[in-house]
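Asker: Plus 2 on top of the position in the sequence shown (first one is 1) and you've got the numbering used here.
We put the CB at the ideal spot given by N, CA and C, even for glycine.
Sharing a structure with you now.
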Amino acid sequence: MLYFHTYRNPGLKIDILEDLKKINNLAVHAKSTGMFILGGGIVKHHICNANLMRNGADYAVYVNTGTEYDGSDSGASPDEAVSWGKIRSAAKPVKVHGDATLIFPLIVAQTFAQYVQRKTSNNSTD
3 MLYFHTYRNP GLKIDILEDL KKINNLAVHA KSTGMFILGG GIVKHHICNA
53 NLMRNGADYA VYVNTGTEYD GSDSGASPDE AVSWGKIRSA AKPVKVHGDA
103 TLIFPLIVAQ TFAQYVQRKT SNNSTD
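In structure tokens, the structure reads:
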């Protein structure tokens, strides 16, 4: 599909190595990092590896349906990432087993609900 797209948009350039360099530099120079990874595969691999460059992420949440027994990167537990230094040992990583298209909206909704609740309770005490 990208091949055909380049005929109408000849300026399109995809450089995975430049992208990896940028994400690694972002992680290395960050004061702290967190990973919220939906699904798995190559994206999870590169995000975790970028945090390896800084001795691990400070926070990690995985949401996927992968299981450990099949040997896939998606199924790897946060403990595996801690053992490689991709997540700091002091972190409290979480893996949510479920479909990201169902789980993520619920997490976002709950997060906003808590924010609004705190905001409204703070405003009522002012």
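So does the segment 113–122 actually touch the segment 82–94, counting three or more Cβ pairs closer than 8 Å?
Answerer: Verdict: no, contact absent.
Asker: Is the Cβ-Cβ distance between residue 65 and residue 98 less than 7 Å?
Answerer: A contact, by the Cβ cut-off of 7 Å.
Asker: Whole angstroms are fine: how far does the CA of residue 7 sit from the CA of residue 38?
Answerer: Each residue's Cα considered, the two are about 30 Å apart.
Asker: In terms of alpha-carbon separation, which member of 101, 107, 108 lies closest to residue 42?
Answerer: Looking at the Cα atoms, 101 is the closest of the given residues.
Asker: Whole angstroms is fine: what's the gap from residue 62's alpha carbon to residue 104's?
Answerer: So the two alpha carbons sit approximately 19 Å from each other.
Asker: Quick check on the DSSP output: the alpha helix (DSSP H) that includes residue 71 runs from which residue to which?
Answerer: Premise fails: residue 71 is in no alpha helix (DSSP H) and is neither H nor E.
Asker: Do you know how far the Cα of residue 33 is from the Cα of residue 55?
Answerer: The alpha-carbon atoms of residue 55 and residue 33 are separated by roughly 13 Å.
Asker: Which residues share a DSSP beta bridge with residue 64?
Answerer: Note: residue 64 sits in a beta bridge opposite 39, 97.
Asker: Taking Cβ positions, are residue 60 and residue 36 nearer each other than 7 Å?
Answerer: Result yes, Cβ atoms of residue 60 and residue 36 sit closer than 7 Å.
Asker: If distances are taken between C-alpha atoms only, which option among 91, 122, 3, 70 comes closest to residue 14?
Answerer: Nearest C-alpha to residue 14: 3.
Asker: Less than 6 Å between C-beta atoms, sequence neighbours within five positions excluded: which residues of the same chain meet that for residue 50?
Answerer: Correct list, in chain order: 83, 88.
Asker: Starting from the Cα of residue 78, find the closest Cα among 47, 113, 19 and give me that residue.
Answerer: When only C-alpha atoms are compared, the closest one is 47.
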